[in-house]
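Asker:
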Amino acid sequence: MTTFVLMHGTGAGGWCWQRVAQRLRAGGFEVHAPTLTGVGDRSHLAGCGVDLETHVREIAGLLFYEDIADAVLVGHSYGGMVVTGVAARVPERLRLVVYLDAYVPEAGESEYDLWTPEMQAEFQAALEGGGMRPPPAPALVGIADPALAAWYAARVTPHPPGTFTQPVPPGTPAGEAVPRAYIRCTEGPLVPLFGPSAERARRRGWEILTLAAGHEAELVAPLEVARLLAGLARRRG
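269 is the number that my numbering gives the last residue of the sequence shown; the numbers go up by one with no jumps.
Right, here's the structure in full:
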């Protein structure tokens with residue numbers, strides 16, 4: 033049985049994958065959708081020195097302790113940083129890594145390095161003010177439905193700042209050999225931000241899929257996301 037491990041993006045949690053996970057399970061797949069330390073129901077731990085390495089170790093640990101040896105690892109948005117690190121750490125446990133409108137870092141890059149100057153300035157101002165960067169607004173991530181926007185806004189939290197500034201771990205030949213795919217969302221205000229990552233994926237020869245949805249695709253287009261993920265898993269089976 034194929035096992036999916038679904039990684040959320042900035043300020044979100046496993047909750048954002050609910051409908052995708054339901055669809056995948058109905059299709060016969062096993063699904064894990066963990067919430068990373070410092071956000072969601074674990075937001076009370078945001079001040080505990082959380083950085084990118086924290087999250088990479090968490091997911092590598094999940095794969096080990098759950099005896100998952102052939103995972104399809106999916107990272108959305110910030111989750112692209114995490115899955116990149118996990119692929120370098122435990123490539124032997126992965127069948128495929130999928131980037132869902134996610135950052136694709138080069139060696140030594142942090143997420144901060146991939147932001148626009150305006151985003152970097154906003155982040156620095158928040159740090160200097162003693163706080164954290166505000167969580168993404170629903171409209172920014174492509175959520176137009178009022179009920180879904182309210183549901184999202186009630187759950188999304190600020191994200192531990194150390195995760196944005198720590199570079200991805202060094203890659204390894206085995207990690208680079210893990211097959212990868214990229215799903216690019218083609219609607220909403222964040223299309224320009226993730227365009228360079230999609231282009232990197234294309235240059236590296238990854239399979240590229242497009243989805244006519246906003247950035248938070250697992251919420252606004254869950255059936256389509258599940259269909260694309262299931263198709264990728266079956267083609268790599």
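Think of the CB as a built atom: it goes at the ideal place given N, C-alpha and C, for glycine as much as any other residue. Every value quoted in this text rests on a predicted model; they were computed, and no experiment measured them.
In this structure, does DSSP put ILE91 in helix, strand or coil?
Answerer: The answer is helix: DSSP assigns ILE91 an H, G or I state.
Asker: Pick helix, strand or coil for CYS80, following the three-state DSSP scheme.
Answerer: Residue state, collapsed to three classes: coil.
Asker: Assess, as a yes-or-no matter, whether the region 190-199 is touched by the region 74-92 under the definition of 3 or more beta carbon pairs within less than 8 Å.
Answerer: As far as the Cβ criterion goes, the region 74-92 touches the region 190-199, which means the pair count is three or higher.
Asker: Cutting at 7 Å between CB atoms, please list the residues of its own chain near GLY246, excluding the five before and the five after it.
Answerer: The residues are VAL173, GLY174, ILE175, CYS217, GLU219, GLY220, VAL252.
Asker: Report the partner residues of ILE100 according to the DSSP bridge assignment.
Answerer: Note: ILE100 sits in no beta bridge, so no partner.
Asker: So is MET33 buried or exposed if we call it buried at 16+ other beta carbons inside 10 Å?
Answerer: MET33 should be labelled exposed.
Asker: Indicate whether at least one CB of chain C lies closer than 8 Å to the CB of ARG236.
Answerer: Absent from the structure: chain C. Only one protein chain is present.
Asker: Beta-carbon within less than 7 Å of PRO211's beta-carbon, same chain only, minus the 5 sequence neighbours each way: which residues are those?
Answerer: Answer for PRO211: LEU128, ARG268, listed in chain order.
Asker: What would DSSP say about GLU143, mapped onto helix, strand or coil?
Answerer: Coil, per DSSP.
Asker: Can we say the region 178-191 touches the region 60-78, given the rule of at least three CB pairs closer than 8 Å?
Answerer: Contact holds: three or more Cβ-Cβ distances are below 8 Å.
Asker: Cβ of GLY117 within 8 Å of Cβ of MET39?
Answerer: Contact: no.
Asker: Drop a sphere of 10 angstroms on the beta-carbon of ASP133, count the other beta-carbons inside from all chains shown, and report buried for 16 or more, exposed for fewer.
Answerer: The residue is buried, with at least 16 neighbouring Cβ atoms inside 10 Å.
Asker: Just the C-alpha distance for LEU95 and ARG235, rounded to the nearest angstrom, thanks.
Answerer: Cα to Cα, LEU95 sits roughly 29 Å from ARG235.
Asker: Around the C-beta of THR204, are 16 or more other C-beta atoms found within 10 angstroms, so that it is buried, or is it exposed?
Answerer: That one is exposed.
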